[in-house]
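Residue numbers (the UniProt record's numbering): 1 to 460.
Since the structure comes first, as C-alpha cells, the remarks are kept for the end.
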Ligand code: PLP
C-alpha cells in the first residue's frame, strides 16, 4: 500500500469519523467502544484500512458495486480529462459522454432504446414509477396506476421506493407510504409456499392472482429484480420468467426489471434479465454501471414507452416533466464508458461465468461439510449461502451466529456480507458473496476457505 498520510493524520481521520460521520446502516452505539473501520486505499480486489491492514473484498465495496475492481487509472484519467473539458450541464441540453454511453449501452440491450440519467438506484426506480403513473394519467384515463412489487425484493431507500420494499425491516417506521403499490409473493424455491412440481410457474401464477384481485385495469406495471439481491440472493425457479412475461402481455402490464445489482456483468451477462429471455419495457441500473468511480444511474425504456411521452407539442403536460440535477454530471457517463470498455476488453463476462461456477461448486462442497448451510444459490459472481439452525425444519440460523461467521471471515482478512434478519420470521439469513468480476481462482478459494474456517470455529 502506498499511503501518503502519516499515522498521525490517520488517527485524526478515525477520530473525525467517529465524531462527525453518520454511517449508513449502522448502529452507532457500537462505535462508542469500537473504532469505526475507515478504508484508505484499494487496488484490484484488495483494500487497506487506516491501520494498514489488508483485506480481500468479496462484496465489491460492500454493496455489489465495484465490478471492475479498485484503482483503475484509466477510469480516473478519463474522468479527469472530461472534467477539465466540461464537468456539467443539465436540463434539456445534452453532453458528449451521455450521448456516447447511451448509444453503447443500447447496443447491449436489444429491444430497448432510450436512456434517462440520474444518480442512484432509488432515483432510477422512482423515475420509472413516475413514468408509469404519467402513462396511466394520460393514456389510461387514470386507470392502470398501480405498481406491483415482490416480497423479498428491494428497490431503494426513498419513501416511494420503500413503498415497494418486499423486506419489511427496511420499510418499518418510515411510513405512512403512498397508495397504489401492491405486493406479490416471493419465488424462493427453497422456501416454497406451494408443494407442487412446477413451482416456478405456480409462483408466477400467484402474480396473476394478485392482478385479478386488484383488477387488471388498475395495474400498470410490475417491478422485479432478475435475481433478488438483499432479500437473500434468490435465483428464479425454472419456468418462472416465461410465465411472468406471458402474464404481463396478457394484462398489458409494463415489465420493469430492476438491474441495480445485476447490471453490468454481475451475473455473467451484461444484465441479469438476459439469462431468462425476458423482454422488459423498462430497465433500471446503477451500482455496476460505473463501478462506483462516479455516481450514475439509468432508467432505460423501449421506444414504445418513450413514444407515450411525445404527444402534440402544444400540450404542455405531455412530456416527462422530471429532472435530476446531477444527471447532468459528465463524470458518470464517461466513467461508465471506460468501465464498459474494461469489461469487454478484459473478457470479464466470461471470467464471471467461470469464477461464479467455481464459487458455487466450492459452496456446495461446504454445504456437504457444514450442516448449517441449508441452501446455496447464485448466478455468476453473485452467490449466497442460506444458513439454518435445522436442515429439516429450515429454521433460520440465529442472526448472532450469522454475524459471527461474517466476523470470523473478517478476522482472516476477508470481507463477506450477510442479509439482515427480516421482521417477518427471519428469512434473510444468507451469506452474500459478490467479488469484483476480475476475481481469480485463488481469490475465490481464499473466500470460501475463510467461510469454511469461520463455520468450523463457530460450530465446533
Ligand atoms: N435496487 C436494488 C435491487 C438494490 O439492491 C438497491 C440498493 O442496494 C437499490 C435499488 C437502491 O439503490 P441506491 O442505494 O443506489 O439508491
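Glycine included, every Cβ here is placed at the ideal spot set by N, Cα and C.
Asked	Found
Proximity test, residue 258 beta-carbon vs the ligand PLP heavy atom, cut-off 6 Å	yes
Residue 268 and residue 295 closer than 7 Å at C-beta	no
Within the segment 150–198, ranges of the alpha helix (DSSP H) (whole runs, at least 4 residues)	159–162, 168–171
Heavy atom of the ligand PLP within 6 Å of residue 491 beta-carbon	The requested residue 491 is not part of the displayed model; the chain covers only 1 to 460.
For residue 308, three-class secondary structure by DSSP	coil
Counted within 10 angstroms of its Cβ, other Cβ atoms place residue 219 as buried (16 or more) or exposed	buried
Cα-Cα separation between residue 351 and residue 68, rounded to whole angstroms	12 Å
From 439, 416, 170, 452, residue whose alpha carbon lies closest to that of residue 430	416
Paired residues, beta bridge with residue 256 - DSSP	223, 282
Residue 215: CB within 6 Å of a non-hydrogen atom of the ligand PLP	no
Residue 353 - containing alpha helix (DSSP H), residue span	348–369
Of the residues 135, 372, 334, 272, the one placed nearest residue 290, counting alpha carbons only	334
Residue 132 to residue 181 span [Cα, whole Å]	12 Å
Unbroken stretches of the beta strand (DSSP E), 3 residues or longer, contained in the segment 43–117	46–49, 54–57
Cross-strand partners of residue 383 (DSSP beta bridge)	378, 433
Terminal residues of the alpha helix (DSSP H) in which residue 301 lies	Segment 297–301 is the beta strand (DSSP E) holding residue 301; no alpha helix (DSSP H) there.
Bridge-paired residues (DSSP) for residue 148	182, 222
Any beta strand (DSSP E) of 3 or more consecutive residues that is wholly inside the segment 394–419	none
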